[in-house]
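Everything on this sheet refers to the single structure shown next.
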Amino acid sequence: GQQLNQSPQSMFIQEGEDVSMNCTSSSIFNTWLWYKQDPGEGPVLLIALYKAGELTSNGRLTAQFGITRKDSFLNISASIPSDVGIYFCAGQSPSGTYKYIFGTGTRLKVLA
Amino acid sequence: NAGVTQTPKFQVLKTGQSMTLQCAQDMNHEYMSWYRQDPGMGLRLIHYSVGAGITDQGEVPNGYNVSRSTTEDFPLRLLSAAPSQTSVYFCASSYSGSGHGGYTFGSGTRLTVV
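Those protein sequence lines, which keep their order, are chains A and B. Each residue of the first sequence is one higher than the one before, starting from -11 at the first, in the numbering used here. Each residue of the second sequence is one higher than the one before, starting from 557 at the first, in the numbering used here.
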């Protein structure tokens, strides 16, 4: 089946540093979503992207819908300890309106 | 508080037992879905529903049944539990199936099958 590759799988960074992560697919997607999951909780939506080339910000977070429609990027500026968690991308399958495919996640740890 | 409520939060089952994971939302969302989360696998879609009385299979439906008799509730039934079904299960809902505005997730049910 379709797969989304997220990288890196995990990262340790110092507080105040900027973070970049990405999600790539072998298929074209119509929508990209970025979620954050805290321990013991369900994922929470951070940013939604609906158009190729779209660049959207949510506070210190910025995400982009790749021009090829096969990738998306998430950047976090000036990281803080509460940014720790798992970040997931999700792409809307072009084969079905109701099906989103999730990436395997990027686990972020922030060192104070 | 409005949102998606899942019960129970934790459950241990013996192989072969059956059980129902409950999911309820009070946001009048038409679309509801069940995912399972396994280490290194991300979230995989089990079943979904686009409205009361309408359900369909996702990526990993085997061993699970669903029904949608009301807009609010979308229970997931494990027919005969197997160790391979040990996982964290998440229910999600959205106003539309396109996910415009994103899905709202419950806090999950951690299931262990021994």
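Each residue gets a CB set at the ideal place from its N, CA and C atoms; glycine is no exception.
### Message
Taking a contact to mean a Cβ-Cβ separation below 8 Å, would you say residue 567/B touches residue 579/B in this structure?
### Response
no
* So what's residue 641/B in DSSP terms, helix, strand or just coil? -> helix
- Query: Alpha carbon to alpha carbon, how far is residue 589/B from residue 603/B?
  - Reply: 6 Å
C-beta neighbour in chain B for residue 17/A, strict 8 Å:
no
> Can the beta-carbon of residue 65/A be found less than 8 Å from the beta-carbon of residue 51/A?
Replying inline: no
Exercise. Going by CA-CA distance only, name the one from 99/A, 97/A, 89/A and 98/A that's closest to residue 597/B.
Key: 89/A
Q. Who are the neighbours of residue 597/B on chain A, taking C-beta pairs under 7 Å?
A. 92
Check: Relative to the C-alpha of residue 618/B, which residue among 630/B, 626/B and 641/B is closest?
Finding: 641/B
Kindly list, in the order they appear in chain A, the residues whose Cβ is closer than 9 Å to that of residue 663/B. 28, 29 and 30
What does DSSP give as the partner residue(s) for residue 47/A in the beta ladder?
DSSP, once it has assigned bridges, lists no residue as partnering residue 47/A.
- Query: Alpha carbon to alpha carbon, how far is residue 609/B from residue 1/A?
  - Reply: 48 Å
ask   = Thinking just about the alpha-carbon of each residue, which of 29/A, 69/A, 28/A and -8/A is nearest to the one in residue 9/A?
value = -8/A
- Query: Using DSSP with H/G/I as helix, E/B as strand and the rest coil, what is residue 663/B?
  - Reply: coil
Decide if residue 668/B is buried, meaning its Cβ has at least 16 other Cβ atoms within 10 Å, or exposed.
exposed
Quick one: grab the DSSP three-state call for residue 71/A. helix
Query - With 16 other Cβ atoms within 10 Å as the buried cut-off, status of residue 55/A - result: exposed
Quick check: is the beta carbon of residue 96/A nearer than 8 Å to any beta carbon in chain B?
no
- Query: Hey, how far is the Cα of residue 46/A from the Cα of residue 627/B?
  - Reply: 31 Å
Under 8 Å between C-beta atoms of residue 41/A and residue 661/B: no
**Prompt:** When the Cα of residue 593/B is compared with those of 91/A, 22/A and 80/A, which residue comes out closest?
**Reply:** 91/A
Residues of its chain near residue -4/A, where Cβ-Cβ distance is below 8 Å and the 5 sequence neighbours each way are ignored = 9 and 94
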